[in-house]
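Structure, as structure tokens:
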Amino acid sequence: MVMTESLSFFVPLESPDEKYYNHGRYYSASYRGLHPFPVDEREKDRQCRQIFLYFELFQGRLCPASISRPQTVLDVRTGIGSWAIQFADKYPSSILVYGIDAVHMQEEWVPINCEFVIDDLTQRDWHYGYPKPEFIHIGGLWGDRQILTCLLDGAYRCCLPNGMVEIWDWTVHFQDPNCEGALHRLYRDMEAAFRMGGLEHVYHLPLSLELPSLAKLVVENWAEGFEAYSMELLVEYLGKRDLEVLLSCAAARRALRQGVEGWLQV
Numbered sequence: 012m013v014m015t016e017s018l019s020f021f022v023p024l025e026s027p028d029e030k031y032y033n034h035g036r037y038y039s040a041s042y043r044g045l046h047p048f049p050v051d052e053r054e055k056d057r058q059c060r061q062i063f064l065y066f067e068l069f070q071g072r073l074c075p076a077s078i079s080r081p082q083t084v085l086d087v088r089t090g091i092g093s094w095a096i097q098f099a100d101k102y103p104s105s106i107l108v109y110g111i112d113a114v115h116m117q118e119e120w121v122p123i124n125c126e127f128v129i130d131d132l133t134q135r136d137w138h139y140g141y142p143k144p145e146f147i148h149i150g151g152l153w154g155d156r157q158i159l160t161c162l163l164d165g166a167y168r169c170c171l172p173n174g175m176v177e178i179w180d181w182t183v184h185f186q187d188p189n190c191e192g193a194l195h196r197l198y199r200d201m202e203a204a205f206r207m208g209g210l211e212h213v214y215h216l217p218l219s220l221e222l223p224s225l226a227k228l229v230v231e232n233w234a235e236g237f238e239a240y241s242m243e244l245l246v247e248y249l250g251k252r253d254l255e256v257l258l259s260c261a262a263a264r265r266a267l268r269q270g271v272e273g274w275l276q277v
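Structure, rendered in structure tokens:
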């Protein structure tokens, strides 16, 4: 677990944007088209557990890549902002960290050298206005190849020479991708909905919830977010009903508990 000393001075963040209630969850009303995922306390709690599980998986490192102390850092798709806050807190005097996302889910109080910015990351010029960074951390892509292309294009344009980009994300690999199991069907639906709307370290975690281990906790946290990843997309683009999606997610988790041949690549 990463432990950092707290800073003495903090800067408050502005008020969050309006939310609307749908599918039993709260979503961003201001940025619905850019972020079709929940922004409620349940999702914040899940992301908080996820980031600390990642820290443990990466053996307490904030960035598995080998980097010297950068002066400017961008945390793109910052989510609740845990990574940006931890990084800024670790280097309070020499690093400026910008956490960037399409919605406001971040903490109200942040370190003095950390700033959160709401921005449309689907635009090619998303990187304009920031000091040129030496290091860019990208997380929370959820398999969206379109936004990954846009982010990498912007990173290439704004990064300083010899700068580095690190991506934290997951990919599912099945031994039999044509299987008709519940988890297989849900994942194929999610891929279809996403289509319509440099790795330093790779970890392969078995798709199983049987043995107690750190790998199990990471996979369990990933499975806990099935509804968050899929609900809005499957309803809007595949025409599914709320109850149908909820049942699909529950069935996928049951399949995981029974064991699925494959792995989660982080």
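Remember, our numbering sits 11 above the position in the sequence shown when you count from 1.
Each residue gets a CB set at the ideal place from its N, CA and C atoms; glycine is no exception.
Per the DSSP secondary-structure output, Val128 pairs in a beta bridge with Ile111. In the three-state scheme derived from DSSP, where H, G and I count as helix and E and B as strand, Trp233 is classed as helix. Under the rule that a run must span 3 or more residues, the beta strand (DSSP E) segments found entirely inside the segment 24–104 read 30–33, 36–39, 83–87. Relative to the Cα of Leu132, the nearest Cα in the group Ile106, Pro144, His148, Leu159 belongs to Leu159. A residue is called buried when at least 16 other Cβ atoms come within 10 angstroms of its Cβ; Tyr139 does not meet this threshold and is exposed.
DSSP, reduced to helix, strand and coil, places Gln276 within a strand of the structure shown. Between Ser41 and Lys30, the alpha-carbon positions lie close to 8 Å from each other. Distances from the CA of Arg168 to each of Thr182, Leu152, Phe146 were compared; the closest alpha carbon is that of Phe146. Linking Ala266 to Phe237 through their CA atoms gives a straight-line distance of about 13 Å.
Within the same chain, Asp28, Lys30, His46, Val50, Val114 come within 7 Å of Ser39 by CB-CB distance, once the 5 residues on both sides are set aside.
Rounded to whole angstroms, the separation of the alpha carbons of Leu244 and Lys251 is 9 Å. When the Cα atoms are used, Trp233 and Gln61 turn out to be separated by approximately 8 Å.
For Ile106 against Val84, the beta-carbon gap comes to about 6 Å, under 8 Å, which counts as contact. Under the criterion of beta carbons closer than 8 Å, Leu152 and Asp180 qualify as touching, at roughly 5 Å. Secondary structure of Glu247 (DSSP, three-state): helix.
In terms of CA proximity to Gly174, Ala76 leads the group Glu202, Val183, Ile123, Ala76. Counted as a single uninterrupted DSSP element, the alpha helix (DSSP H) harbouring Val256 occupies residues 253–269.
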